[in-house]
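Numbering (the working numbering), first residue to last: 43 to 107.
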């Protein structure tokens, strides 16, 4: 993805990510505390998908799971 710019027309896209971890996010660490991977750094995910629109220097994410 290119760096954000001021553009008059919207650019739409879809991102799919597999097998990743989010590290250093306190809210996720609190949710995962006491789970099967307690004490592990970060929270692992098998998949993420999100539709997005980029326009006027803003990135809007929708329909994400």
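The C-beta atom is built at its ideal place from N, Cα and C for all residues, glycine as well.
In whole angstroms, what is the alpha-carbon distance linking residue i and residue j?
i: residue 27; j: residue 84; result: The chain is shown from 43 up to 107; residue 27 falls before or after that span and cannot be answered.
i: residue 60; j: residue 96; result: 22 Å
i: residue 109; j: residue 72; result: Because residue 109 is not part of the residues shown, which for the chain are 43 to 107, the question remains open.
i: residue 50; j: residue 94; result: 16 Å
Go through its chain and collect everything with a Cβ distance to residue i's Cβ below 6 Å, but skip five positions before and after it.
i: residue 92; result: 57, 103 and 106
i: residue 65; result: 83 and 84
i: residue 89; result: 60
Using a Cβ-based criterion (distance less than 8 Å to any ligand heavy atom), does residue i qualify as near the ligand MN?
i: residue 52; result: The ligand MN is not among the ligands present in this structure, which contains no ligands whatsoever.
What residue range is occupied by the uninterrupted alpha helix (DSSP H) comprising residue i?
i: residue 72; result: 68-74
Beta strand (DSSP E) containing residue i: first to last residue?
i: residue 98; result: Residue 98 -> no beta strand (DSSP E), and no H or E assigned at all.
i: residue 63; result: 53-64
Skipping 5 residues on each side, what residues in its chain have a beta carbon closer than 8 Å to that of residue i?
i: residue 52; result: 95, 96 and 97
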